[in-house]
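Enquirer: Protein sequence lines correspond, in order, to chains A and B.
Residue numbers for the first sequence follow our numbering, beginning at 32 and rising by one.
Residue numbers for the second sequence follow our numbering, beginning at 132 and rising by one.
Note that the Cβ used here is the ideal one computed from N, Cα and C, for glycine as well.
Right, I'll just put the structure down here and ask away after.
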Amino acid sequence: MADKAVPVPTPETQPFWDGCAADELRLQRCTDCGKPYFYPRPVCPDCGSRNVEWFTASGRATLYSYVINHRPAPGFADDGPYAIAVVQLEEGPRMMTSLSGLPATPEALVLDMPLEVTFEPRGDVSLPLFKPSGSAATEANR
Amino acid sequence: MSSETGVIIAGAAETDQIGRLPGQSTLELHIEGALNAVADAGLTLRDIDGIATVAAPGPVQVAHALGIMPDWIDGTGVGGTSFLLHVRHAVAAIRAGYAKTILITHGESGRSRVGAVPFRAAPTSPPGQFEAPYGTFGPTTTFTIPALRYMKDYGLTHEQLAYVAVAQRQWAAKNPRAAFRDPITVDDVLASRMVAYPFHLLECCLVTDGGGALVVTSADRAGGFPKPPVHILGTGERSETPMISQMADFTESQAFRLAGQTAFAEAGISTGDVDHLMIYDAFAHVPIYGLEALGFVKKGEAGAFIADGNTEPGGRLPLNTNGGGLSYTHTGMYGMFAIQEGVRQIRGEAAAQIGDPQISVVLGNGGMFATAGVLVLGRQPR
Ligand SMILES: [Zn+2]
Chain A
32 MADKAVPVPT PETQPFWDGC AADELRLQRC TDCGKPYFYP RPVCPDCGSR NVEWFTASGR
92 ATLYSYVINH RPAPGFADDG PYAIAVVQLE EGPRMMTSLS GLPATPEALV LDMPLEVTFE
152 PRGDVSLPLF KPSGSAATEA NR
Chain B
132 MSSETGVIIA GAAETDQIGR LPGQSTLELH IEGALNAVAD AGLTLRDIDG IATVAAPGPV
192 QVAHALGIMP DWIDGTGVGG TSFLLHVRHA VAAIRAGYAK TILITHGESG RSRVGAVPFR
252 AAPTSPPGQF EAPYGTFGPT TTFTIPALRY MKDYGLTHEQ LAYVAVAQRQ WAAKNPRAAF
312 RDPITVDDVL ASRMVAYPFH LLECCLVTDG GGALVVTSAD RAGGFPKPPV HILGTGERSE
372 TPMISQMADF TESQAFRLAG QTAFAEAGIS TGDVDHLMIY DAFAHVPIYG LEALGFVKKG
432 EAGAFIADGN TEPGGRLPLN TNGGGLSYTH TGMYGMFAIQ EGVRQIRGEA AAQIGDPQIS
492 VVLGNGGMFA TAGVLVLGRQ PR
């Protein structure tokens, strides 16, 4: 049985994965138009500028959408049905992720619930996941 | 030739059989579809001077297998809508005088995987780094992700989503070639196995083997054709995102909308002119997004529009009249089959013929809302 997919950084994405290894969610933003963006690439998708910089995001997000997958990808067979989520980062961009500390049920996964980033080792990298934050965390742990 | 040259689909055919075909490779399905379409046009392979298809196996392989050395080649491969883009590119090539008679082929051993290429995102690619680690595993885990957002924002119910499959099964029941023909109810759909919540098995497309091809040429080509010409009145294409997570708005497809606007403007039509509609339906939510993107209903209304019976047999906007990817066939790159049904309806030779349609619109999707192609097909020239 194959293992779970492990991302392999490229030179352009290495700072993102270096950030994850340091428990920081790093995004890029354009220094000409100011717009933050994800996924990592050395050009602003809004204005085409090469003048972009890395910054550390707040790690706060909300749940934008998800599915609960019943046909596991390689390496996921032991997880049971699992959620594949897309979160809305506080800074604007969205990213795919997994949810930590929440049962994979429609009742537990409520769109727009507040989340915060957490990190989990996967192969040679650290993978950004999201867990309930603040009052939502208390709710989930009750 | 000029920008005014009328361009037609003169030949259109599918493989002899569709479904489960372990005795035919991907390449063989291309060849069989190609020969059937050339024969349908009353032509021979010697008449073909342009060829378009996706990799794999690609236009060079298909051309070589057929003994053709084309002087126009298009290998555009952007998912299941690629064949609609090939038609669009063929129209331009014929008007430019680059080719006279273009063969567009599809073949895919989607179910049996004979001679098929395995797919997994390279771990260095953006999807390999930023989606695959979270357990994505093909379209059921990615194409489906926007739906819950749409359901929350626009009130689409699970029952309305399920009804998309029910409506299309009604068309499939009229089609002897459809894979699934037995009538189903909303309860049947909601009771079918969960694949990726909120999608049940019957809200996901089939996985089949099959193929088909088209012959595109100029309307004034000497000699005439055995079948009524299908005029290509307008075309559009767009790309949006290589990763579903980066789709700008999970409640609408910009690619669908913009490709549609281009095609409708070129054809000089509005939604009220459309007699027949094909919308690529890999999953039950895609026709909902398509109806809204093309402007047939306002945003948030498509689920109720379908559930009210407007798109099923007897409804005012016949949609996916072959049964669609949900009930007819879906090899993986379904766009060719959507075009084939549009052609059959305009010719008046469909299994579930809707009467005498003058305008058929075909909306193709590529990847996971990644790309779109739109064709406006007509009985009469513009
Ligand atoms: Zn910028």
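(1) Using the beta-carbon of each residue, which ones in chain B are nearer than 8 Å to serine 157(A)?
(2) What is the residue span of the alpha helix (DSSP H) that lysine 283(B) lies within?
(3) What are the boundary residues of the alpha helix (DSSP H) that includes serine 131(A)?
(4) Can you round the beta-carbon distance between proline 444(B) and glutamine 299(B) to whole angstroms, since I take them to be within the 8 Å contact cut?
(5) Buried or exposed, going by whether 16 or more other CB atoms sit within 10 Å of the CB of valine 98(A)?
(6) Using the three-state DSSP reduction, which class does alanine 253(B) fall into: helix, strand or coil?
(7) At a CB-CB cut-off below 8 Å, which residues of chain B make contact with lysine 66(A)?
(8) Check the C-beta distance from glutamate 397(B) over to threonine 366(B) and give it rounded, since I have them as a contact under 8 Å.
(9) Taking the runs of the beta strand (DSSP E) that are 3 residues or longer, which of them lie wholly in the region 402 to 457 of chain B?
(10) Is the shortest distance between the beta-carbon of serine 131(A) and the beta-carbons of chain B less than 7 Å?
(11) For threonine 136(B) and chain A, any beta-carbon pair shorter than 7 Å?
(12) Going residue by residue through the region 452 to 498 of chain B, where are the continuous beta strand (DSSP E) segments of at least 3 residues, counting only ones entirely within it?
(13) Mapping DSSP to helix, strand and coil, what is isoleucine 235(B)?
(14) Alpha carbons only, please: which of Thr236(B), Ala143(B), Leu457(B), Ala187(B) is nearest the one belonging to leucine 292(B)?
(15) Between isoleucine 276(B) and chain A, is there a C-beta pair that is closer than 7 Å?
(16) Looking only at its chain, what residues have a beta carbon closer than 8 Å to the beta carbon of aspartate 202(B), apart from the 5 residues adjacent to it on each side?
(17) Considering only the alpha carbon of each residue, which of Ala350(B), Thr502(B), Asn167(B), Leu506(B) lies closest to serine 384(B)?
(18) Using a Cβ-Cβ distance cut-off of 7 Å, determine whether leucine 94(A) contacts chain B.
(19) Report yes if the C-beta of cysteine 335(B) is less than 6 Å from at least one heavy atom of ligand 1; otherwise report no.
(20) Going along chain A, which residues have a C-beta under 9 Å from proline 254(B)?
(21) Just the C-alpha distance for leucine 142(A) and proline 329(B), rounded to the nearest angstrom, thanks.
(22) In terms of alpha-carbon separation, which member of Tyr281(B), Pro512(B), Thr136(B), Arg312(B) lies closest to alanine 483(B)?
(23) Taking C-alpha atoms, which residue in Asp54(A), Pro46(A), Val148(A), Asn100(A) lies nearest to glutamate 121(A)?
(24) Looking at ligand 1, does it come within less than 6 Å of aspartate 63(A), judged from the CB to the closest heavy atom?
(25) Tell me the rounded alpha-carbon separation between alanine 188(B) and valine 245(B).
(26) Could you name the residues of the region 121 to 145 of chain A whose beta carbon sits closer than 7 Å to any beta carbon of chain B, in the order they occur along the chain?
(27) Following a CB-centred definition, is cysteine 51(A) positioned closer than 6 Å to any heavy atom of ligand 1?
(28) Quick check on glutamate 135(B): does DSSP put it in helix, strand or coil?
(29) Tell me which residues of the region 257 to 290 of chain B have at least one Cβ-Cβ distance to chain A shorter than 7 Å, keeping chain order.
(30) Any idea if arginine 388(B) is buried or exposed, counting beta-carbon neighbours within 10 angstroms, 16 or more meaning buried?
(31) Between glycine 473(B) and valine 493(B), is the Cβ-Cβ spacing less than 7 Å?
(32) For glycine 509(B), is the classification buried or exposed, using 16 other Cβ atoms within 10 angstroms of its Cβ as the cut-off for buried?
(33) Can you name, in chain order, every residue of its own chain whose Cβ lies under 8 Å from the Cβ of glutamate 290(B), other than the five neighbours on each side?
(34) Quick check: is the beta carbon of glutamate 44(A) nearer than 7 Å to any beta carbon in chain B?
(35) Where does tryptophan 302(B) sit, in a helix, a strand or coil, going by DSSP?
(36) Would phenylalanine 107(A) pass as an interface residue toward chain B - the criterion being a Cβ-Cβ separation below 7 Å?
Expert: With the given structure in hand:
(1) For the purposes of this step, residue 157(A) is taken as residue 126 along the first sequence, with counting starting at 1. Within chain B, no C-beta atom comes nearer than 8 Å to that of serine 157(A); the closest sits roughly 11 Å away.
(2) In the second sequence, counting from the first residue as 1, residue 283(B) sits at position 152. Segment 277 to 285, the alpha helix (DSSP H) holding lysine 283(B).
(3) Residue 131(A) sits at position 100 when you count from the first residue of the first sequence. In this chain, serine 131(A) is not harboured by any alpha helix (DSSP H), its DSSP state being neither H nor E.
(4) Mapped onto the second sequence, residue 444(B) falls at position 313. Mapped onto the second sequence, residue 299(B) falls at position 168. Contact doesn't hold; Cβ gap of about 10 Å is too wide.
(5) Here residue 98(A) refers to the residue found at position 67 of the first sequence. Taking all protein chains in view, the Cβ of valine 98(A) is crowded by 16 or more other Cβ atoms within 10 Å, so the residue is classified as buried.
(6) Working through the second sequence from its first residue, we reach residue 253(B) at position 122. If DSSP states are grouped into helix, strand and coil, alanine 253(B) belongs with coil.
(7) Against the first sequence, residue 66(A) aligns to sequence position 35. Under the 8 Å cutoff, chain B gives no residues; its nearest Cβ is about 13 Å from lysine 66(A).
(8) What you label residue 397(B) is simply residue 266 of the second sequence in a count that begins at 1. What you label residue 366(B) is simply residue 235 of the second sequence in a count that begins at 1. That pair is a contact at about 7 Å.
(9) Counting only runs of 3 or more, we get 407 to 410.
(10) On the first sequence, residue 131(A) is found 100 positions in, with the first residue counted as 1. With 7 Å as the cut-off, serine 131(A) does not count as an interface residue toward chain B.
(11) Here residue 136(B) refers to the residue found at position 5 of the second sequence. No Cβ of chain A is located within less than 7 Å of the beta carbon of threonine 136(B).
(12) Listed in chain order, the complete beta strand (DSSP E) runs (minimum 3 residues) inside the region 452 to 498 of chain B are 490 to 497.
(13) Locating residue 235(B) in the second sequence gives position 104, counting from the first residue. Isoleucine 235(B) falls in the strand class under three-state DSSP.
(14) Indexing the second sequence from 1 puts residue 292(B) at position 161. In this structure, Leu457(B) is the residue among Thr236(B), Ala143(B), Leu457(B), Ala187(B) with its C-alpha nearest to the C-alpha of leucine 292(B).
(15) Working through the second sequence from its first residue, we reach residue 276(B) at position 145. At a cut-off of 7 Å, the C-beta of isoleucine 276(B) has a neighbouring C-beta in chain A.
(16) Along the second sequence, one-based indexing puts residue 202(B) at 71. Asp180, Gly181, Tyr229, Ala230.
(17) If you number the second sequence from 1, residue 384(B) lands on position 253. Ranked by how close their Cα comes to the Cα of serine 384(B), the residues Ala350(B), Thr502(B), Asn167(B), Leu506(B) have Thr502(B) in first place.
(18) Looking up residue 94(A) in the first sequence gives position 63. Chain B contact via Cβ: absent.
(19) If you number the second sequence from 1, residue 335(B) lands on position 204. Because no heavy atom of ligand 1 lies under 6 Å away, the Cβ of cysteine 335(B) does not count as near it: no.
(20) Translated into positions along the second sequence, residue 254(B) becomes position 123. Result: Ala36, Val37, Pro38, Val39.
(21) Position 111 of the first sequence holds residue 142(A). Position 198 of the second sequence holds residue 329(B). Roughly 13 Å separates the two Cα atoms.
(22) The residue you call residue 483(B) lines up with position 352 of the second sequence. Ranking Tyr281(B), Pro512(B), Thr136(B), Arg312(B) by Cα distance to alanine 483(B) puts Arg312(B) first.
(23) Here residue 121(A) is taken as the residue at index 90 of the first sequence, counted from 1. Considering only alpha carbons, the answer is Val148(A).
(24) Working through the first sequence from its first residue, we reach residue 63(A) at position 32. Result yes, Cβ under 6 Å from ligand 1.
(25) Here residue 188(B) refers to the residue found at position 57 of the second sequence. Here residue 245(B) refers to the residue found at position 114 of the second sequence. The residue asked about is misnamed: residue 188(B) is proline in this sequence, not alanine. Near 12 Å, if we compare the C-alpha coordinates of valine 245(B) and proline 188(B).
(26) For the region 121 to 145 of chain A, which is checked against every Cβ of chain B, the residues closer than 7 Å are Arg125, Met126, Met127, Thr128, Ser129, Pro137, Leu142.
(27) For the purposes of this step, residue 51(A) is taken as the residue at position 20 of the first sequence. Checking the Cβ of cysteine 51(A) against ligand 1 gives no.
(28) Position 4 of the second sequence, counted from the first residue, corresponds to residue 135(B). If DSSP states are grouped into helix, strand and coil, glutamate 135(B) belongs with coil.
(29) Taking 7 Å as the Cβ-Cβ cut-off against chain A, the residues of the region 257 to 290 of chain B that qualify are Pro257, Gly259, Gln260, Phe261, Glu262, Ala263, Pro264, Tyr265, Gly266, Thr267, Phe268, Thr271, Thr272, Thr275, Ile276, Pro277, Leu279, Arg280, Lys283.
(30) As a first step, residue 388(B) is located in the second sequence; it is residue number 257 there, counting from the start. Counting Cβ neighbours within 10 Å, arginine 388(B) comes out buried, since at least 16 surround it.
(31) In the second sequence, counting from the first residue as 1, residue 473(B) sits at position 342. In the second sequence, counting from the first residue as 1, residue 493(B) sits at position 362. Cβ distance < 7 Å, so glycine 473(B) and valine 493(B) count as in contact.
(32) Start at 1 with the first residue of the second sequence, and residue 509(B) comes out as number 378. Classification of glycine 509(B): buried, given that the 10 Å Cβ count is 16 or more.
(33) On the second sequence, residue 290(B) is found 159 positions in, with the first residue counted as 1. These residues qualify, in order along the chain: Val317, Leu321, Ala438.
(34) Here residue 44(A) refers to the residue found at position 13 when the first sequence is read from its first residue. This sequence places threonine at residue 44(A); glutamate is not what is there. Any Cβ of chain B closer than 7 Å to the Cβ of threonine 44(A) would place that residue at the interface, and such an atom is present.
(35) Your numbering for residue 302(B) matches position 171 in the second sequence. In the three-state reduction of the DSSP assignment, tryptophan 302(B) falls in the helix class, which pools H, G and I.
(36) Taking the first residue of the first sequence as position 1, residue 107(A) is located at position 76. Judged by the 7 Å Cβ criterion, phenylalanine 107(A) is in contact with chain B.
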